[in-house]
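Position 73, counted from 1, in the sequence shown is what this note's numbering calls 84; the numbers after and before it change by one each time, with no gaps. The next block holds one structure in the form of structure tokens; read it before the comments.
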Amino acid sequence: MRRNEKQITDQELLGDILSSNVICRVGFADGEYPYIVPMNYGYKENEIFLHSVLEGKKISLMQANNHVCVEITDSIEIVSSDRACGFSTKFRSVICNGRIHPVIELEQKIEGFKTIMKQHTGTLDWEIPESAVEKVAVLKIEIESMTGKISGI
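If you want it as structure tokens, here you go:
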């Protein structure tokens, strides 16, 4: 990171940012251009869980190359100014690199769903029907590295 004073090195703060948001942007390798898609997610113990349809561009790209980049930003606030070049933005962000793969076993898929639901609702107390889980893909990103940035906060 070019500006070290903005880098977040506190692992607890990085985990807080990952745990307190609900939308991430996942970047896949897609030939000449990257493919980025916003997704609902759940974070637990250095893993990010997503759900998806069983077929489609994300699934095809994951099968071709399972390296992904994930971005999450929160606490966004525009700081206005009397000068055009004086505007700035307050925010916190995390960028993770890792490998994505489908969760295959039914019990692990259900746990992945519960992790996503906990992220969105604060509770794990959900009944997840097996019939619903069988119709979708649950994807898991194993985080290999992460960096964080804070600006103006």
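Positions of the beta carbon are idealized from the N, C-alpha and C atoms, including for glycine.
- For a cut-off of 8 Å, the C-beta gap from V33 to Q119 is around 21 Å, too long to register as a contact.
- Per DSSP, the continuous beta strand (DSSP E) segment holding G109 begins and ends at S99 to V114.
- Between I28 and E43, the alpha-carbon positions lie close to 31 Å from each other.
- Assigned with DSSP and collapsed to three states, A148 falls in strand.
- Straight across, the Cα-Cα distance linking S63 with D93 is about 45 Å.
- Membership of K55 in the beta strand (DSSP E) is indicated by the continuous run G53 to K55.
- Annotation note: the region 69–94 contains the following uninterrupted beta strand (DSSP E) runs of length 3 or greater, listed N- to C-terminal: 78–90.
- Contact between V114 and K151 holds: CB atoms are separated by about 5 Å, below the 8 Å threshold.
- Bounds of any beta strand (DSSP E) do not take in E118; it lies within the alpha helix (DSSP H) bounded by L117 to T132.
- For E58, there is no enclosing alpha helix (DSSP H); the residue is found in the beta strand (DSSP E) stretching over E58 to S63.
- In this structure, DSSP gives I139 a state outside helix and strand, which the three-state scheme calls coil.
- Cβ-Cβ distances below 7 Å link I164 to S86, K101 and R103 in the same chain, with the five nearest sequence neighbours on each side left out; the list follows chain order.
- The three-state secondary structure of G26, taken from DSSP, is helix.
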